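A short worksheet on the structure shown next.
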């Protein structure tokens, strides 16, 4: 067998394993937001990386909204009276080590409140723990990767 082919066959599993490790350390992608009180999915959030390296997240789908085409009527910033579907709810998350982010803000559209936020991948990157805090009072949710 040709030496180049042997080298390629040996390198493929290593390349695949490296790609999986990077994917498991990356919060980019689509996540199912789970309500911690009901255990039911509320929305699908897509997290993307900005040109400056921060992570932002946008609601791409609401699951069983309480009213048709809801807007953020309680928001007090640039999102006031904007449709919740398509709304950016995570802004400015910065890497804080492998699989962790902090320093960003997260909006809870049904309250119109913005919280200091942090995120951490758990369960091998299959889930994302998202926390929102005001002072020392924090609430967290676990989102599932789609």
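In my numbering, the protein residues as written are 103 to 248.
Glycine included, each C-beta is placed from N, C-alpha and C at the ideal position.
Everything numeric in this text was worked out from a predicted model, so none of it was measured.
Straight-line Cα distance separating residue j from residue i
{"i": "residue 141", "j": "residue 153", "result": "34 angstroms"}
{"i": "residue 127", "j": "residue 190", "result": "22 angstroms"}
{"i": "residue 227", "j": "residue 173", "result": "31 angstroms"}
{"i": "residue 132", "j": "residue 157", "result": "13 angstroms"}
{"i": "residue 159", "j": "residue 148", "result": "5 angstroms"}
{"i": "residue 232", "j": "residue 177", "result": "20 angstroms"}
{"i": "residue 129", "j": "residue 200", "result": "11 angstroms"}
{"i": "residue 210", "j": "residue 183", "result": "14 angstroms"}
{"i": "residue 237", "j": "residue 218", "result": "9 angstroms"}
{"i": "residue 137", "j": "residue 146", "result": "12 angstroms"}
{"i": "residue 244", "j": "residue 220", "result": "12 angstroms"}
{"i": "residue 223", "j": "residue 175", "result": "31 angstroms"}
DSSP beta-bridge partners of residue i
{"i": "residue 143", "result": "136"}
{"i": "residue 157", "result": "151 and 195"}
Closest by C-alpha distance to residue i, when choosing among the options
{"i": "residue 246", "options": "239, 225 and 195", "result": "225"}
{"i": "residue 240", "options": "145, 229, 146 and 216", "result": "216"}
{"i": "residue 155", "options": "175, 196 and 188", "result": "196"}
{"i": "residue 187", "options": "151, 204, 235 and 162", "result": "162"}
{"i": "residue 213", "options": "179, 166 and 134", "result": "179"}
Continuous beta strand (DSSP E) assignments of at least 3 residues falling wholly in the stretch 160 to 245:
Qualifying beta strand (DSSP E) stretches, in chain order: 190 to 197, 202 to 210, 215 to 224 and 229 to 236.
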